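These notes concern the structure reproduced below.
Chains as they are written, first to last, in my numbering: chain H, 64 to 387; chain U, 64 to 387.
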């Protein structure tokens with residue numbers, strides 16, 4: 064029941080020694096998503112022990128080279144490794160001709176379908192889901208069409224305590240009612256409150272990826288409450304003018320977003336080649352949002368699976384009725 | 064007066080840990096040529112201290128991804144570094160649409176011309192020259208259109224020894240005659256032999272790049288006598304069938320070519336991901352051609368500048384009359 068983020072690259076547009084370009088891998092319940100794919104990503108995946116064949120979906124924020132130039136090599140390699148399962152690439156519309164061109168030259172060697180799902184939304188939209196995970200995309204504010212992604216473990220269905228079953232002699236129908244989050248109303252007027260009989264088996268986890276973007280008002284709301292927020296910090300605070308010119312963020316922009324959104328932890332990266340000392344970026348963020356971590360290539364953020372084997376009392380999360 | 068080959072990558076099509084894909088840099092008299100450009104080449108150039116801005120020309124053997132997927136990132140990066148000097152890319156005809164597509168998406172950010180020089184020859188042809196260097200391209204025998212390259216330092220003009228000038232009291236006209244490699248014939252019948260008055264100031268050096276290719280009869284002649292021959296050895300000798308199926312070479316193919324061509328040193332690379340132990344490839348080659356060196360990423364082959372301040376006697380090289 065893993066929920067693990069691995070950072071493959073933390074450089075921005077200019078190649079530097081010691082940092083590859085943007086690529087994250089999020090593994091949830093054994094299935095991996097690749098988010099952006101800068102040049103050399105396949106090499107970083109090998110280096111950091113990410114099985115290339117376990118990548119289910121690919122999410123591309125935008126078509127700037129430092130976010131996609133590793134994709135062609137990666138697709139070729141997993142083709143050579145014998146992949147047959149199709150792969151969806153969620154990417155802006157202008158990615159379409161790039162993929163089409165690549166496939167026209169190199170597609171013959173691939174024994175799997177590569178399907179582009181174009182992103183066009185103006186506000187968060189569900190773009191993919193499994194039994195346990197929902198993925199939303201939302202627009203960012205960059206020079207070209209760019210999207211962020213929110214990966215949300217689904218709220219698990221309620222469980223009913225064994226104690227409650229024996230105490231109240233619950234029938235299967237009554238257990239079903241409680242699992243749906245409803246109180247049981249017996250014909251004799253007895254009410255068995257869901258808050259005293261059921262529990263949520265684990266705390267759902269979440270991660271949002273925001274790169275590249277200038278700050279904008281809606282973003283904090285769109286990533287509100289995530290456990291992990293990755294937000295680009297191309298520039299230190301003193302280079303705000305550069306950031307504005309280039310539709311990027313400073314350390315303080317990212318930290319303010321994290322604070323306003325009430326996230327658990329802020330992860331930063333996409334450092335300008337002008338300053339590669341990540342500790343400076345981290346220190347600036349922490350003046351606003353103390354739980355900031357400046358990422359380096361290979362960093363792993365493992366969100367533990369937290370069992371919640373207690374009654375619902377005080378749990379404000381309501382089950383959304385989805386089966387997982 | 065350098066003539067230095069730096070190996071950026073020695074893997075073949077499949078990405079492996081510890082080896083990047085094909086890219087060589089040859090620096091002759093301070094000007095660098097990049098030969099092939101696998102994914103991550105720009106990172107290797109940084110890592111091994113090759114100044115990105117000193118790359119004059121790019122030579123592409125063929126359009127398989129492991130030979131070109133680093134090109135787009137490299138061009139973008141040297142654009143960001145402020146390059147304004149145009150760059151020629153010598154590559155097969157089918158590279159044209161790839162470059163055109165890249166430029167249509169990413170060319171706006173480049174402040175320099177990128178010019179594709181298509182290669183179509185059926186036998187060695189001069190494709191580029193400077194005062195000191197000639198570059199020839201020739202076809203290889205691969206699954207798709209593929210070319211090898213021969214980099215030949217020009218034979219330097221003869222110098223005339225100071226001793227000879229004083230001994231014979233040579234006039235400027237007579238010195239010019241000797242520098243052109245001709246004997247001086249004086250009206251009184253005296254002959255001043257060029258072999259006793261002039262010398263070649265240094266030994267011209269040469270390097271040939273052959274990847275990817277199956278063996279074929281003409282190749283040894285086309286690379287005859289080079290000081291350094293790089294020849295792919297994708298497979299060990301026991302995998303000759305694989306090599307034939309894929310239009311690649313084994314260790315013994317490469318070594319036989321080196322032997323027949325009478326080269327100075329054989330450098331091998333482009334190892335299959337099935338076997339990454341370069342010492343095995345080297346050992347097999349050495350059974351046929353002892354002066355074989357199995358390259359690893361970052362290896363440097365420096366051909367020393369050999370002064371030849373002796374008389375021409377015994378020098379079979381004839382000056383070709385070109386000014387250098």
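The C-beta atom is built at its ideal place from N, Cα and C for all residues, glycine as well. Remember, it's a predicted structure, so these values are computed and weren't measured experimentally.
Extent of the continuous alpha helix (DSSP H) run through residue 242 of chain H: 235-242
At least three beta-carbon pairs within less than 8 Å, the segment 139-152 of chain H to the segment 174-185 of chain H: yes
DSSP three-state assignment for residue 71 of chain H, whether helix, strand or coil: strand
In DSSP terms, what residue 183 of chain U is bridged to: Residue 183 of chain U pairs with nothing; no bridge assigned.
Straight-line Cα distance separating residue 82 of chain H from residue 313 of chain U: 36 Å
Under 7 Å by beta carbon: chain H residues contacting residue 140 of chain U: 77 and 78
Near-chain U residues of the segment 193-222 of chain H (beta-carbon distance less than 7 Å), N- to C-terminal order: none
Residue 250 of chain U versus residue 223 of chain U - alpha carbon distance: 21 Å
Whole-angstrom distance between residue 282 of chain H and residue 133 of chain H, CA atom to CA atom: 28 Å
Nearest candidate by alpha-carbon position, reference residue 280 of chain H, set H:167, H:319 and H:289: H:319
Test: residue 161 of chain U CB closer than 8 Å to a CB of chain H: yes
Cutoff 8 Å: residue 343 of chain H Cβ touching any chain U Cβ: no
Residue 195 of chain H versus residue 210 of chain H: straight-line alpha-carbon distance, rounded: 22 Å
Beta carbon proximity, residue 383 of chain H to chain U, threshold 8 Å: Low confidence applies to residue 383 of chain H: its pLDDT is 36, below 50, so where it sits in the model is not reliable enough to give any reading.
Inter-stretch contact at 8 Å, needing at least 3 Cβ pairs: the segment 355-367 of chain H / the segment 70-79 of chain H: yes
Rounded Cβ spacing between residue 286 of chain U and residue 324 of chain U (contact assumed at less than 8 Å): 5 Å
Closer than 8 Å to chain U by CB, residue 111 of chain H: no
Of the residues U:272, U:261 and U:217, the one placed nearest residue 238 of chain U, counting alpha carbons only: U:261
Cβ-Cβ distance between residue 288 of chain U and residue 326 of chain U below 8 Å: yes
Completely contained alpha helix (DSSP H) runs for the segment 185-273 of chain H, where each covers 4 or more residues: 225-231, 235-242 and 257-260
Sub-8 Å separation of residue 220 of chain H and residue 242 of chain H beta-carbons: yes
Beta carbon of residue 295 of chain H nearer than 8 Å to that of residue 308 of chain H: no
For residue 297 of chain U and residue 357 of chain U, the rounded distance between their alpha carbons: 12 Å
Chain-ordered residues of the segment 92-106 of chain U with a beta carbon less than 7 Å from chain H: 102, 103, 105 and 106
Bridge partners - residue 295 of chain H, DSSP secondary structure assignment: H:332
Three-state secondary structure assigned by DSSP to residue 365 of chain H: strand
Neighbour-count burial assignment, residue 235 of chain U, 16 or more Cβ in a 10 Å radius: exposed
Nearest-angstrom Cα separation, counted from residue 96 of chain H out to residue 69 of chain H: 10 Å
Within-8 Å CB hit, residue 169 of chain U to chain H: yes
Nearest residue (CA-CA) to residue 99 of chain H, options H:311, H:84, H:231 and H:244: H:84
Sub-8 Å separation of residue 65 of chain U and residue 92 of chain U beta-carbons: yes
Residue-chain proximity (residue 128 of chain U, chain H), Cβ-Cβ < 8 Å: yes
Buried versus exposed, by CB contacts within 10 Å (16 or more), residue 330 of chain H: buried
8 Å Cβ cutoff met for residue 205 of chain H and residue 333 of chain H: no
Cβ neighbours of residue 139 of chain U in the same chain (closer than 8 Å, five flanking residues each side left out): 169, 172 and 173
Straight-line Cα distance separating residue 161 of chain U from residue 370 of chain H: 52 Å
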